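Working notes, beginning with the structure itself.
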Amino acid sequence: ANIARRRLCAEAAKYGRQTTGSTAKQRRVVVFFNPKAGSGKTRKALQDDAVPIFNLAGIDVIYIELDYVGQAKTLVNYLDESTDTIVIAGGGGTIMEVITGLLTKYNEESKQCPLPIGIIPLGDENSLFEKLLPDRCKHMPRARLIGEAALSIVKKDSKLVDVMKISPQKSGKTIYALSYVKWGIFRDIASDYDRYWLFGPLKKRLAYIAPVLFDWPPIYNSEIACDVSNGALKHSITSVDKDVVQPMNNNLSSKDINDKIETLDSFEIDVDANRTKQNLTVSIWPEIVDKKEFILTGWKQIKKQFSEQNNDKLKILTPSRFYLRPSRNDMWYTIDGEDYEAYPIFIKLLPHRIQLYYP
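175 is the number of the first residue of the sequence shown in our numbering; add one for each residue after it.
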């Protein structure tokens, strides 16, 4: 780790030694830091692996430590006009807060958010980095990944990424997410691992065995509709699929959604952004699978070894918009690592809306 730090710092120092004109404006970066992200060692990780790189590069950095949920979303509205870049040092929830604040402040229908975003992955779950940089997240030490993320901000290595606009059908606030929406039994099990704390390191594996022993088959019903004009099914569209997948026209609203939906028996529905070009990726599980297959699939998800490409029972949709209404209101979504009550929602993809710095 120390060798990697020295190499990254040496590269950052090259930018700090560059000469600029007397009237040139110093680059200003605002860092939103969540000290509660991850396992509690985020402050040391930020100070050891990211701060030296910013200092050596000669960047004017303002650090804002977040104290409570929702603070970042509010503070985004009061950024100084001299701010060139926003850096989010935290996990998925902090990223979602800042993105929601930015796209609420600026017109989300505009082509691109005017401020570029950098991410320092300090959380336990860094789903966006795992999606954009899967090989590095699997094999690279965390200290080096954080350092390279900081260096990419210094070097302005960026790409445009998509954003999901998630709106409730009735009352409620719109949020914006970069990674995923999960609903179903796999989501519920993953959020309930601590229930089996007595079994120590085996608690996650036992969590996938318990439903098979005591509550099988799982009953999860929902209603969906999606726009398939710009997308397609990964597998061939059978007569059943055609009944399930209802088209959403451009003028579809919450008033006439009832005419477009169909009931679907599926124990898991996952919606992902930034996996296919300018489309959502919707993974729909069948109503029932073999008990052994269910357990083994759950265990693969623990190790993040599950591949949808190798599962022919999944239906894969790639729409630009998606509507989801669970059958019961006592269920929950997980959106970029944060839990939300499972009310009916519209999900719309906003392509190439954020300029993101990453290695």
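Each residue gets a CB set at the ideal place from its N, CA and C atoms; glycine is no exception.
As the structure is a prediction and not an experimental result, all values here were calculated from the model.
The beta carbons of I260 and L289 sit closer together than 8 Å. For the pair of segments examined, the segment 223-239 was found not to touch the segment 304-315: the number of CB pairs separated by less than 8 Å stays below three.
Listed as beta-bridge partners of L523 by DSSP are M338.
Note: R495 is bridge-paired with K522 in the DSSP secondary-structure output. Contact annotation: I519 and Q343 have beta-carbon atoms nearer than 8 Å.
By the Cβ test, the segment 340-360 is in contact with the segment 297-307, since at least three Cβ pairs between them sit closer than 8 Å.
Look at F228 here: in three-state DSSP terms it is helix. Around the beta carbon of Y242, fewer than 16 other beta carbons lie within 10 angstroms, which makes this residue exposed. When DSSP states are grouped into helix, strand and coil, V243 belongs to the coil group. Counting the other Cβ atoms within 10 Å of the Cβ of N176 gives fewer than 16, which makes it exposed. For W357, the three-state secondary structure derived from DSSP is strand. The straight-line gap separating the alpha-carbon atoms of I273 and I320 is approximately 20 Å.
The C-alpha of P493 lies about 23 Å from the C-alpha of K347. With respect to G267, E512 sits close: the two C-beta atoms are nearer than 8 Å. Membership of D513 in the beta strand (DSSP E) is indicated by the continuous run E512 to E515. Of the candidates I269, L334 and N300, L334 places its Cα closest to the Cα of Q529. Between I509 and I291 a beta carbon distance of about 18 Å is seen, past the 8 Å cut, so the two are scored as non-contacting.
Cβ contact annotation for A317 (same chain, cutoff 8 Å, sequence separation greater than five): A175, A178, R179, A219, D222 and D223, in chain order. In the three-state DSSP reduction, L530 falls in the strand class (E or B). Relative to the Cα of F360, the nearest Cα in the group G472, L454, R379 and E255 belongs to G472.
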